[in-house]
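Asker: Numbering (mature numbering (1 follows the signal peptide of the UniProt record, and there is no 0)), first residue to last: -17 to -1, 1 to 154. Each residue gets a CB set at the ideal place from its N, CA and C atoms; glycine is no exception.
(1) Is it true that the region 60 to 71 meets the region 24 to 36, where meeting means three or more beta-carbon pairs spaced less than 8 Å apart?
(2) For residue 42 and residue 65, I'd like the C-alpha separation in whole angstroms.
(3) Threshold first: 3 residues or longer. Then list the beta strand (DSSP E) segments lying entirely within the region 20 to 104, N to C.
(4) Quick test of the definition: if touching needs 3 or more C-beta pairs under 8 Å, does the region 4 to 14 touch the region 112 to 119?
(5) Please report the distance separating the alpha-carbon of residue 82 from that of residue 48.
(6) Output needed for residue 62: all residues of its chain with C-beta closer than 8 Å, excluding positions within five of it in sequence on either side, in chain order.
(7) Within 10 angstroms of the Cβ of residue 121, are there 16 or more other Cβ atoms? Answer buried if so, exposed if not.
(8) Residue 52 and residue 94: beta carbons closer than 8 Å?
(9) Among the candidates 46, 56, 50, whose CA atom is the shortest distance from the CA of residue 107?
(10) Compare the C-alpha of residue 45 against each of 39, 29, 33, 59 and name the closest.
(11) Under 8 Å Cβ to Cβ from residue 57, same chain only, skipping five residues before and after it: list those, please.
(12) Measuring CA to CA, which of 19, 125, 144, 8 is closest to residue 75?
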């Protein structure tokens, strides 16, 4: 049995290695972002792009191996306790990989991830979820990737995900 396990491990390792992507870097991420939005603008460690008319800032900190995608949603001034509670509830169950946050006097949709292990599909999915948080603020408060109903949201999310993945397919 032990020899079988060793053989299976040896056979599986090359197969798994073929599917792995190169480590995410600032340059690779910027290439993906430019494929998504050819009009994206890079300023230092920040890239600004637009997905479906929603502005996104992506910040890369390579020395810390972190990235953050941020969508401004609204001013935090006048934020009602019920809204704050609803955002925290969404962070627990419907926001998925993106999160609501309050910083610098604003409410944000954010996706934060370690940089080097981030895969292209995770990046695109995180961007879409962040856009969906901004769009659904005040209503569904959802990242949009998973719903437990027969509505249209899953189809809309999948269509956008497929479109963006095709744009960055070669990267």
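Answerer: Concretely, from the data shown:
(1) no
(2) 30 Å
(3) 24 to 26, 29 to 34, 37 to 44, 49 to 58, 82 to 86, 89 to 97
(4) no
(5) 19 Å
(6) 85, 90
(7) exposed
(8) yes
(9) 50
(10) 29
(11) 89, 90, 120
(12) 125
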